[in-house]
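Every letter in the sequence shown is one number past the one before it in this note's numbering, and letter 270, counting from 1, is 536. These notes are about the structure you will find just below.
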Amino acid sequence: MLNINEIRKQFPVLDQQVYGKPLVYLDNAATTQKPLCVIERERDYYLYENCNIHRGVHYLSQKATEAYEHARQTVADFIHAKEAREIIFTRGTTESLNLLATSFEHFLLSTLNSQLTTDSKLSTDGEPVEPLNSQLKVLVTSMEHHSNLVPWQQMVQRHHGQLLVVPMDDKGVLDLEQFEKLLKEGPKVVSIAHISNVLGTINPVKEMIAMAHQYGIPVVVDGAQSIAHHPIDVQDLDCDFFVFSGHKMYAPMGIGGLYGKAEWLEKLPPYQFGGEMVDTVSFEKTTFNVLPYKFEAGTPNVGAALGLETAVQFLQKLDRKEVEKHESQLLQSAIEKLSDIDGIRFIGEAEHRSGLVSFIIDGIHPYDLGTIIDKMGVAVRTGHHCAEPVMTRFGIPGTVRASFALYNTMEEVEVFVNAVKKAAMMLR
Ligand code: PMP
267 MLNINEIRKQ
277 FPVLDQQVYG
287 KPLVYLDNAA
297 TTQKPLCVIE
307 RERDYYLYEN
317 CNIHRGVHYL
327 SQKATEAYEH
337 ARQTVADFIH
347 AKEAREIIFT
357 RGTTESLNLL
367 ATSFEHFLLS
377 TLNSQLTTDS
387 KLSTDGEPVE
397 PLNSQLKVLV
407 TSMEHHSNLV
417 PWQQMVQRHH
427 GQLLVVPMDD
437 KGVLDLEQFE
447 KLLKEGPKVV
457 SIAHISNVLG
467 TINPVKEMIA
477 MAHQYGIPVV
487 VDGAQSIAHH
497 PIDVQDLDCD
507 FFVFSGHKMY
517 APMGIGGLYG
527 KAEWLEKLPP
537 YQFGGEMVDT
547 VSFEKTTFNV
557 LPYKFEAGTP
567 NVGAALGLET
577 AVQFLQKLDR
587 KEVEKHESQL
597 LQSAIEKLSD
607 IDGIRFIGEA
617 EHRSGLVSFI
627 IDGIHPYDLG
637 TIIDKMGVAV
647 RTGHHCAEPV
657 MTRFGIPGTV
667 RASFALYNTM
677 EEVEVFVNAV
687 KKAAMMLR
């Protein structure tokens, strides 16, 4: 059993009043709070260990380098990567996805261009073959966060390629038949959310990865919403890439990761250029460093990486199955209690879902509802949650979203639901 009271003691930020009411923090899908151990780890780094890494021969630099590389190994073990060099530290999910979209852009164009020089430009019947750039297709789903949509969209649009989109049903479940059909259209990359940050749907990524692999297509999994809540095993999933943000898993802001299978990371070109990522440099030519440094140009956020390691260790000390169970109970209780509100419409009703609930209430703007319950101490998120196409799909301006973390309690769910009920009465 999780001892929630003990856990909460590690999160001083939760123990405060806002507008004279105890804070009920239910905006964990946006960012989680940080335990003392994480804050202290980052602070200690700056107090006693701060140094630039990899370059110095002196004591502090070596110590900081060792600590940073130890953090990489800890993250690799946490998601069961085969090797530490398969973990690239980034600023977070958004940067990881931009890295991949940019790197794939260069990789795919050079592959397609080399085909252009070797293939005949004319088909056997003398007609010009399909322009190679129109083969630049990327497949995403209709429930992606903008971070897993815009980088790919911009990438294909720069080359007159195409973004293919897997549709979903009214409950927020992806249509796998359509997915299979779209795979046959020859996307070069598939990039899918593990868990939707709006709907809470847990997508069947393992099955989707196996399907994509039958067509030889690599798969990126956006794990921003899954890594803090469910054990992740990248080898079991067999994903080619897995991206995540530290700040959504009890770690500091400004750090996150990109896991990639070594054979893919070896093939892809670097994303940013500068110090650290090079091997030799002359005015004529530069050769690049080995993995993972090839993808880590410049001075990294060492303090935050150490904080991320501590956050991982914090999670590893807990029974993750118990965490899943606790968060699922919070969700079930919230759904049950909200259900008696007149005119409530849940957005996202998949059978397999994770710890968040999104809803609207007839005749009430989500923003108004969020503002009123904030005054009662309840922090939820309102709006489109950086997923405008999801709002368009459901024909709504936004939702109210409550998202749970391991430190939330049943009492908080009660306070939240009562606040929503009260606000709905006031607004009608
Ligand atoms: N993808 C998903 C599913 C998300 O929920 C988020 C954050 N809301 C992101 C990507 C972007 O994460 P970050 O802002 O930490 O880069």
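We treat Cβ as the ideally placed atom computed from N, Cα and C, and that holds for glycine. Quantities reported herein were computed from a predicted structural model and do not represent experimental measurements.
| task | Drop a sphere of 10 angstroms on the beta-carbon of Y285, count the other beta-carbons inside from all chains shown, and report buried for 16 or more, exposed for fewer. | result | Exposed, by the Cβ-count rule.
| query | Which same chain residues, not among the five before or five after Y334, have their C-beta less than 6 Å away from its C-beta? | reply | Annotation for Y334: I319, V568 and A571 place their beta carbon closer than 6 Å to its own, counting only its chain and skipping 5 residues before and after.
| query | For the putative contact between R338 and G520, defined by C-beta atoms under 8 Å, what is the C-beta separation to the nearest angstrom? | reply | In fact, because the Cβ distance is near 16 Å, the residues do not count as touching under 8 Å.
| query | Comparing the CB of A459 with every heavy atom of the ligand PMP, is any distance shorter than 6 Å? | reply | Here the distance from the Cβ of A459 to the nearest heavy atom of the ligand PMP is below 6 Å.
| request: May I ask you to check if the CB of S624 is nearer than 6 Å to at least one heavy atom of the ligand PMP? | output: Look at S624: its beta carbon is at least 6 Å from all of the heavy atoms in the ligand PMP.
| query | Are the Cβ atoms of E542 and A563 separated by less than 7 Å? | reply | Yes. Within cutoff.
| request: Answer yes or no: the CB of A490 versus the heavy atoms of the ligand PLP, is any distance below 6 Å? | output: The ligand PLP is absent from the structure shown, which contains only the ligand PMP.
| query | Which residues mark the beginning and the end of the alpha helix (DSSP H) in which F445 is found? | reply | Unbroken alpha helix (DSSP H) run through F445: L442 to L449.
| How big is the Cα-Cα spacing for T467 and E550? | Those two C-alpha atoms are separated by around 51 Å.
| said: Short of 6 Å in beta carbon distance, which residues of its chain neighbour D506, apart from the five on each side in sequence? Order them along the chain. | reply: Within the same chain, and ignoring the five residues on either side of D506 in sequence, the residues whose Cβ sits closer than 6 Å to its Cβ are P484, V485, K527 and W530.
| query | Which one or two residues does DSSP pair with G522 in a beta bridge? | reply | The beta-bridge partner set that DSSP reports for G522 consists of T356 and S511.
| task | Pick helix, strand or coil for G649, following the three-state DSSP scheme. | result | The three-state reading of DSSP puts G649 in strand, counting E and B together.
| field | Span of the alpha helix (DSSP H), counted from its first residue to its last, around A570 | value | Taken as a continuous stretch (DSSP letters only), the alpha helix (DSSP H) holding A570 covers V568 to Q582.
| query | In angstroms, rounded to a whole number, what distance separates the CA positions of L405 and M676? | reply | C-alpha separation (whole angstroms): 39 Å.
| said: Just list the residues that DSSP pairs M434 with in beta bridges. | reply: Answer by DSSP bridge pairing, in chain order: L440.
| Can you check whether the CB of I639 is closer than 7 Å to the CB of A685? | Going by C-beta atoms, A685 is nearer than 7 Å to I639.
| query | Is the stretch 313–331 close to the stretch 342–349, with three or more CB pairs under 8 Å? | reply | Judged by Cβ distances under 8 Å, the stretch 313–331 makes no contact with the stretch 342–349, as fewer than three pairs qualify.
| message | I need the DSSP call for K527, collapsed to helix, strand or coil. | response | Looking at K527 - three-state DSSP - the assignment turns out to be coil, as it is neither helix nor strand.
| request: Pair every Cβ in the stretch 643–652 with every Cβ in the stretch 601–619, then say whether three or more of these pairs are closer than 8 Å. | output: Under the 8 Å Cβ criterion, the stretch 643–652 does not count as touching the stretch 601–619, having fewer than three qualifying pairs.
| said: DSSP has F625 in a bridge; who is on the other side? | reply: Answer is F612 and V666.
| Per-residue burial, A476 [other beta carbons within 10 Å of its own, 16 or more giving buried] | Label assigned to A476: exposed.
| field | For D606 and G614, the rounded distance between their alpha carbons | value | About 17 Å.
| message | Looking at the strands, I want to know which residues DSSP matches up with K348. | response | In DSSP, K348 forms no bridge with anything.
| field | Alpha-carbon spacing of I610 relative to V279, whole angstroms | value | Straight-line Cα distance between these residues: approximately 31 Å.
| message | I'd like to check one pair, V666 with L622: are the Cβ atoms closer than 7 Å? | response | Not in contact: L622 and V666 (Cβ atoms no closer than 7 Å).
| With which residues is S457 paired in a DSSP beta bridge? | Bridge partners of S457: V486.
| query | Would you call the CB atoms of A645 and D310 closer than 7 Å? | reply | A distance of 7 Å or more separates the beta carbons of A645 and D310.
| field | Contact test: G520 Cβ vs the ligand PMP heavy atom, cutoff 6 Å | value | Incorrect: G520 has no Cβ contact closer than 6 Å to the ligand PMP.
| When every heavy atom of the ligand PMP is checked, does at least one fall within less than 6 Å of the C-beta of S548? | Outside the cutoff, so no.
| said: Using a 10 Å radius around the Cβ and a threshold of 16 neighbouring Cβ atoms, would you call D488 buried or exposed? | reply: D488 is buried by the Cβ-count criterion.
| Do you know how far the Cα of F612 is from the Cα of S457? | Straight-line Cα distance between these residues: approximately 26 Å.
| S362: buried (16+ other C-beta within 10 angstroms of its C-beta) or exposed? | Counting of Cβ neighbours within 10 angstroms places S362 among the buried residues, the total reaching 16 or more.
| query | Excluding five sequence neighbours on each side, which residues of the same chain lie with their C-beta closer than 6 Å to the C-beta of R534? | reply | Checking the sequence, you will find Leu at residue 534 rather than Arg. Hits under 6 Å: S369 and F373.
| query | Skipping 5 residues on each side, what residues in its chain have a beta carbon closer than 7 Å to that of Q282? | reply | So the qualifying residues of the chain are L289.
| request: Could you check what DSSP says for V323 in three-state terms: helix, strand or coil? | output: Coil at V323, not helix or strand.
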